[in-house]
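Undergrad: Quick one: structure below, then a few questions.
Numbering (the working numbering), first residue to last: 8 to 281.
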């Protein structure tokens, strides 16, 4: 029969064995947990867009003879690369819902969160401008409104939609705008084809100017707000490459990420492939 000292040593060996087993199990558990977390983080990084942007400013109907190109400005996260598409979807007879422009854009948002680039000129309004991360359709063929009822019913060729704005060229074409269908907005008819549209401080409310503007500034609902709002800059001139005029304080560039990201999340939740 073993003595007391041998029993003590035996008990210690058993405790050590149990402790080692538990330690190994815990290490395996935490290693596996760490691995699973890493996979989860990687998965999120893969499926979550690394870019987020909104349309900041463009000219629906440029003054004078169309030059064949025009400038468009996007607003996003300072220093972040951007790769996406600008689409123009027709809203007039014979081209209801047809994608008649598709321009790929690549660039980097500046320190002010702006990205300006030259693109092919749009056909005059009525149309809907769409900012998306991908487009697999064909210009002049792809039709998002097959039955011409003014409702987008097939966006399978358009990737994640980040922003959209419908611009009417006449009061009869307002029902052929697809901005709100695509998670964006539709500008009410302003009495003419707008020569310039821009967002407050490059990320806020939309405003439009006609040609001639007659001193009037229209909001998204087509109301003249020139006498009720005071801008801190010149709203009657294009401001490509600079933060747009605003009726409130200009947001810090760091705040653009939150705004654009929320915009993308909201649109992606609302707009799933049909």
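Where a beta carbon is used, it is the ideal one built from N, C-alpha and C, also for glycine.
Note that the structure is a prediction, hence the values are computed from the model and not measured.
(1) Out of 174, 246 and 239, state which residue places its alpha-carbon closest to the alpha-carbon of residue 192.
(2) Go through its chain and collect everything with a Cβ distance to residue 131's Cβ below 7 Å, but skip five positions before and after it.
(3) Using DSSP bridges, identify the partner residues of residue 226.
(4) Is the CB-CB distance between residue 233 and residue 227 below 8 Å?
(5) Apart from the five residues just before and just after residue 241, which ones in its own chain have a Cβ nearer than 8 Å to its Cβ?
(6) For residue 59, which option in 140, 206, 198 and 238 has the closest C-alpha, if you only look at C-alpha atoms?
(7) Work out the CA separation of residue 239 and residue 157 for me, nearest whole Å.
(8) Going by DSSP, what residue range makes up the beta strand (DSSP E) through residue 115?
(9) Mind checking residue 79: buried by the 16 CB within 10 Å criterion, or exposed?
(10) Indicate the three-state DSSP secondary structure (helix, strand or coil) for residue 63 in the structure shown.
(11) Would you check if the segment 179 to 189 and the segment 88 to 101 touch, i.e. whether three or more CB-CB distances between them fall below 8 Å?
(12) List the residues that DSSP assigns as beta-bridge partners of residue 97.
(13) Does the segment 99 to 117 come within contact of the segment 153 to 172, defined as at least 3 CB pairs closer than 8 Å?
(14) Classify residue 150 as helix, strand or coil using the three-state DSSP reduction.
(15) So is residue 149 buried or exposed if we call it buried at 16+ other beta carbons inside 10 Å?
(16) In the DSSP assignment, find the beta strand (DSSP E) that holds residue 168 and state where it starts and stops.
(17) Report the option in 205, 138 and 119 whose CA atom is closest to the CA atom of residue 4.
(18) In the DSSP output, what is residue 125 paired with across the bridge?
(19) Leaving out five residues before and five after residue 188 in sequence, what residues of the same chain have Cβ atoms less than 7 Å from its Cβ?
(20) Out of curiosity, what's the CA-to-CA distance linking residue 245 and residue 123?
(21) Quick check on this structure: which residue in 134, 164 and 111 has the alpha carbon closest to the alpha carbon of residue 145?
(22) Taking DSSP as the reference, what is the three-state secondary structure of residue 208?
(23) For residue 180, which of helix, strand or coil comes out of DSSP?
(24) Below 8 Å between beta carbons: does that hold for residue 229 and residue 196?
TA: Quick answer:
(1) For residue 192, the closest alpha carbon among the candidates 174, 246 and 239 is that of 174.
(2) 68, 176 and 200
(3) 214
(4) no
(5) 252
(6) Nearest option by C-alpha distance: 140.
(7) 37 Å
(8) Counting along the chain, the beta strand (DSSP E) containing residue 115 begins and ends at 106 to 115.
(9) It counts as buried.
(10) strand
(11) yes
(12) 134
(13) yes
(14) strand
(15) buried
(16) Going by DSSP, residue 168 is part of the beta strand (DSSP E) stretching over 168 to 174.
(17) Outside the shown range of the chain, which is 8 to 281, sits residue 4, and nothing can be said about it.
(18) In DSSP, residue 125 forms a bridge with 78.
(19) 158 and 159
(20) 12 Å
(21) 164
(22) helix
(23) Helix at residue 180.
(24) yes
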